[in-house]
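Residue numbers (the numbering used here): 24 to 90.
Laid out in structure tokens, this is it:
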């Protein structure tokens, strides 16, 4: 059954991770997949290890608040 991998910045809050897991799970349960069969794995990546448009995310997105 579905195993969903989600990559987020390490700064992602516990509440944001919980909401992400719940939301993704709901999408699959709405499709008729049993809740026990759904796995969501969150991978936390430091912003300095994430590149966006040729720049590190911590520089490119410094004006954005991570949830």
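Heads up, the beta-carbon is just placed ideally off N, CA and C, and yes, glycines get one too.
- Between residue 67 and residue 35, the C-beta spacing is below 8 Å.
- One Cα belongs to residue 47, the other to residue 37, and the distance between them is close to 15 Å.
- Within the same chain, and ignoring the five residues on either side of residue 40 in sequence, the residues whose Cβ sits closer than 6 Å to its Cβ are 65.
- In terms of Cβ geometry, residue 90 and residue 33 do not form a close pair [threshold 8 Å].
- Less than 8 Å separates the beta-carbon of residue 24 from that of residue 60.
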